[in-house]
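A.B. asks: Residues in the sequence shown are numbered from 69 upward in steps of one, following the numbering used here.
From the three backbone atoms N, C-alpha and C, an ideal C-beta is built for every residue, glycine too.
Values in this document were obtained by computation on a predicted structure and should not be read as measured data.
Structure incoming, see below.
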Amino acid sequence: MNATKYGACLLAAALCAGCAELPRATRPALQAPPAAKEAPPAPQARATPIAPHEIDLAGTCRRTEDDGFREDAEVRVSHNNVQALKWKLWVSRRGSCQFDLSDFRQVKQTPHIELEAIDGSKCTLMVWQDPRRITLAHARCEKHCTPGIYEQAWPVLFDPKSGSCAEIR
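See below:
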């Protein structure tokens with residue numbers, strides 16, 4: 069490398085080194101006048117707990133959706149005691165899940181009903197009521213389903229007045 073190129077490289081390196089950011093003078097943040105201050109942030113909204121309801125249901129929900137998802141559920145609950153439960157749901161043509169009361173024991177009545185699988189699988193069925201419907205849902209129940217479909221297996225919803233399938237629209 070000739071001396072001219074070497075000198076130019078040194079000059080460029082020195083100039084780049086001089087580009088390091090110098091400390092800046094800091095000034096206090098501007099504050100809004102007292103009348104213009106914002107209200108403190110609202111606390112984060114948390115899911116409201118399930119309100120306890122005495123659930124009485126003689127429910128039957130049989131329907132097939134346009135996309136091929138289907139459910140066939142029969143549930144009888146009296147004063148939060150599950151007396152009958154037979155539920156099968158199909159995830160299109162890919163498989164199904166099936167639940168029968170004889171495979172569960174009731175472990176909770178309020179604020180919602182819980183049934184645990186007696187096989188030790190930790191599968192839990194839950195029943196709760198909100199103003200518009202009664203929901204029968206499942207958690208950790210992969211063992212009761214065809215492999216690979218559990219993530220698409222949705223709860224079944226009952227109309228609390230008629231006991232038929234609740235409208236979901």
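Between which two residues does the beta strand (DSSP E) carrying Arg130 extend?
C.D. replies: Looking up residue 130 in the sequence shown gives position 62. Start and end: Leu125 to Thr132.
A.B. asks: Can you tell me which residues form a DSSP beta bridge with Leu183?
C.D. replies: In the sequence shown, the residue the question calls residue 183 occupies position 115. Partner(s): Gln174 and Leu193.
A.B. asks: Could you spell out where the beta strand (DSSP E) holding Ala166 opens and where it closes?
C.D. replies: Along the sequence shown, one-based indexing puts residue 166 at 98. Note on identity: in this sequence residue 166 is Gln, with Ala being the wrong assignment. Its beta strand (DSSP E) spans residues Gly163 to Asp168.
A.B. asks: Give the single residue among Pro179, Ala207 and Ile202 whose Cα lies nearest to the Cα of Ala126.
C.D. replies: On the sequence shown, position 58 is the one that residue 126 refers to. It is Ile202.
A.B. asks: Mapping the DSSP letters down to three states, classify Lys229 as helix, strand or coil.
C.D. replies: Position 161 of the sequence shown holds residue 229. Lys229 falls in the coil class under three-state DSSP.
A.B. asks: Within its chain, find whatever has a CB closer than 8 Å to the CB of Glu219; leave out the 5 residues flanking it on each side and keep chain order.
C.D. replies: Looking up residue 219 in the sequence shown gives position 151. Counting only Cβ-Cβ distances below 8 Å, and skipping sequence neighbours, we find nothing.
A.B. asks: Would you please state the rounded distance, in angstroms, between the beta carbons of Gly163 and Thr132? I believe it to be under 8 Å.
C.D. replies: Reading the sequence shown from its first residue, position 95 is the one you call residue 163. Reading the sequence shown from its first residue, position 64 is the one you call residue 132. That belief does not hold up - the Cβ atoms of Gly163 and Thr132 are roughly 15 Å apart, past 8 Å.
A.B. asks: Going by the DSSP bridge assignment, what does Arg201 pair with across the sheet?
C.D. replies: Counting from 1 along the sequence shown, the entry for residue 201 is found at position 133. According to DSSP, which records beta bridges pairwise, Arg201 is partnered with nothing at all.
A.B. asks: Sort Glu210, Ile123 and Ser230 by Cα distance to Lys176 and report the nearest one.
C.D. replies: Here residue 176 corresponds to residue number 108 of the sequence shown, with the count starting at 1. Nearest C-alpha to Lys176: Ile123.
A.B. asks: Let's see if you can read the secondary structure: which residues bound the beta strand (DSSP E) around Asp135?
C.D. replies: Numbered from its first residue, the sequence shown carries residue 135 at position 67. That residue, Asp135, is in no beta strand (DSSP E); it is neither H nor E in DSSP.
A.B. asks: What is the DSSP secondary structure of His212, reduced to helix, strand or coil?
C.D. replies: Along the sequence shown, one-based indexing puts residue 212 at 144. DSSP places His212 in helix when its eight states are reduced to three.
A.B. asks: When DSSP labels each residue in this structure, what does Glu235 get in the three-state scheme?
C.D. replies: The count along the sequence shown starts at 1 and reaches residue 235 at position 167. Residue state, collapsed to three classes: coil.
A.B. asks: Bridge partners for Glu142 per DSSP, in chain order?
C.D. replies: What you label residue 142 is simply residue 74 of the sequence shown in a count that begins at 1. Glu142 pairs with Thr128 and Lys154.
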